[in-house]
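Going by this note's numbering, the sequence shown opens with residue 245, and the numbers climb by one from there.
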Amino acid sequence: MSSLSQVAPGYRAHHTLPLRVEAVRQLRRRRTLVMGLVLALLPFVLVAAFAIGGTPEGREGVTLMTTATASGANLAATALFVSAAFLLVVPVALFCGDTVASEASWSSLRYLLAAPVPRARLLGSKLAVALAFSAAAMVLLPLVALGVGTAAYGWGPLRMPTGGELPIGEALVRLALVVLYIFLSQLVTAALAFWLSTVTDAPLGAVGGAVGLTIVGNVLDAVTALGSWRDFLPAHWQFAWADALQPHMEWGGMVKGVSVSVAYALVLLAFAFRGFGRKDVVS
Numbered sequence: 245m246s247s248l249s250q251v252a253p254g255y256r257a258h259h260t261l262p263l264r265v266e267a268v269r270q271l272r273r274r275r276t277l278v279m280g281l282v283l284a285l286l287p288f289v290l291v292a293a294f295a296i297g298g299t300p301e302g303r304e305g306v307t308l309m310t311t312a313t314a315s316g317a318n319l320a321a322t323a324l325f326v327s328a329a330f331l332l333v334v335p336v337a338l339f340c341g342d343t344v345a346s347e348a349s350w351s352s353l354r355y356l357l358a359a360p361v362p363r364a365r366l367l368g369s370k371l372a373v374a375l376a377f378s379a380a381a382m383v384l385l386p387l388v389a390l391g392v393g394t395a396a397y398g399w400g401p402l403r404m405p406t407g408g409e410l411p412i413g414e415a416l417v418r419l420a421l422v423v424l425y426i427f428l429s430q431l432v433t434a435a436l437a438f439w440l441s442t443v444t445d446a447p448l449g450a451v452g453g454a455v456g457l458t459i460v461g462n463v464l465d466a467v468t469a470l471g472s473w474r475d476f477l478p479a480h481w482q483f484a485w486a487d488a489l490q491p492h493m494e495w496g497g498m499v500k501g502v503s504v505s506v507a508y509a510l511v512l513l514a515f516a517f518r519g520f521g522r523k524d525v526v527s
């Protein structure tokens, strides 16, 4: 036979491994539930910390922490501020780094390919679901924080650390933009974890490698001697979203941050698809 369709009448490559099947499989994983629980508990931890330690207003320094108890919107912004550099990196690395490597560690990857699921289709489905779960994690945190903050501090405008307020309607739009930026800026971590997931049979290695290299990027960004070279580090732009919470938005930093992240992500995903397409899968 000259083609797969002649060998198996009715076979359609794009019908294999439906996204809903992969999504249900990932949703039922224990690590998904644990990660969701951790993110949902963070706002409660912040409220408890402020209740024990007192209001942060009036302390040294002007950051989002100083206005955290002003309203529910402020608590949501604070939750993003304290988690963007590391906590939100973990679910991205976890969902994207565990997805292929875990199949290899279970010795089920070769059976998926023998189904037969085309390799590009398998990677595409797993990547799409992993990114969707990563986005859901980033939406979950500010949503829970907004609800918990509203219950604790009331529904009101977003008070900015530098002075002034944003009406609640505009504040919600700005917070949505912040979440979108954080997600796009984490695409480089997602792509790195996904690429590592295709070259190793150890899920922890892929997840840990992505988190570790992200931390290395943060360390390098702190080395001011690198000068303008830091502009090429995704970590250099991780807090550019703070420009969205100013009276007059500044787009320059966010555009540069997204550009750097997407550029790295495209290269790493190309490595993942090309390498996996040629890989001898025996696990």
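The C-beta atom is built at its ideal place from N, Cα and C for all residues, glycine as well.
Residue i (DSSP reduced to helix, strand or coil)
| i | result |
| --- | --- |
| L324 | helix |
| G471 | helix |
| V251 | Legend: pLDDT at V251 = 48, less than 50; position of this residue unreliable, value from coordinates given subsequently. Helix. |
| H480 | helix |
| Q270 | helix |
| S503 | helix |
| S349 | helix |
| A491 | Contrary to the premise, residue 491 reads as Pro rather than Ala in this sequence. P491 falls in the coil class under three-state DSSP. |
| P335 | helix |
| F288 | helix |
CB-CB length for residue i against residue j, believed under 8 Å
| i | j | result |
| --- | --- | --- |
| K500 | W473 | The pair is not a contact, with the Cβ atoms about 14 Å apart (cut-off 8 Å). |
| S505 | S429 | 5 Å |
| V334 | Q270 | Not confirmed; about 16 Å, so no contact. |
| A389 | A323 | 4 Å |
| Y397 | T313 | 5 Å |
| A479 | N462 | 5 Å |
Distance, residue j Cα to residue i Cα
| i | j | result |
| --- | --- | --- |
| G400 | L419 | 14 Å |
| V511 | F438 | 12 Å |
| V344 | L375 | 13 Å |
| F520 | V417 | 40 Å |
| M245 | L263 | Residue placement at M245 cannot be trusted, given a pLDDT of 38 that sits under 50; what the coordinates show is reported in the next sentence. Between M245 and L263, the C-alpha separation is close to 30 Å. |
| D445 | F517 | 16 Å |
| P405 | E347 | 47 Å |
| L332 | G341 | 14 Å |
| T433 | A450 | 11 Å |
| R403 | G471 | 33 Å |
| V502 | L384 | 22 Å |
| G391 | G316 | 7 Å |
| A320 | V336 | 20 Å |
| W350 | M493 | 48 Å |
| F615 | F427 | No answer is possible for residue 615: the residues shown for the chain start at 245 and end at 527. |
| G407 | G453 | 41 Å |
| A292 | F515 | 45 Å |
| L477 | V460 | 10 Å |
| G297 | E266 | 44 Å |
| F288 | V282 | 10 Å |
| Y508 | P411 | 36 Å |
| V467 | E414 | 36 Å |
Residues that residue i bridges to, as DSSP identifies them
| i | result |
| --- | --- |
| L402 | L410 |
Own chain partners of residue i with C-beta closer than 7 Å, once the 5 adjacent residues on each side are dropped
| i | result |
| --- | --- |
| G305 | Because G305 sits at a pLDDT of 49, beneath the cut-off of 50, its placement in the model cannot be relied upon, and the following sentence gives the value as read from the coordinates. Taken in chain order, the list of residues that qualify is empty. |
| M382 | L332, V423, I426 and F427 |
8 Å Cβ shell around residue i - same chain, five flanking residues per side excluded
| i | result |
| --- | --- |
| R275 | L338 and D342 |
| A328 | I426, Q482, F483 and W485 |
Same chain, Cβ closer than 6 Å to residue i, neighbours up to 5 away in sequence not counted
| i | result |
| --- | --- |
| E244 | One cannot answer for residue 244 here, as it falls past the ends of the chain, which runs 245 to 527. |
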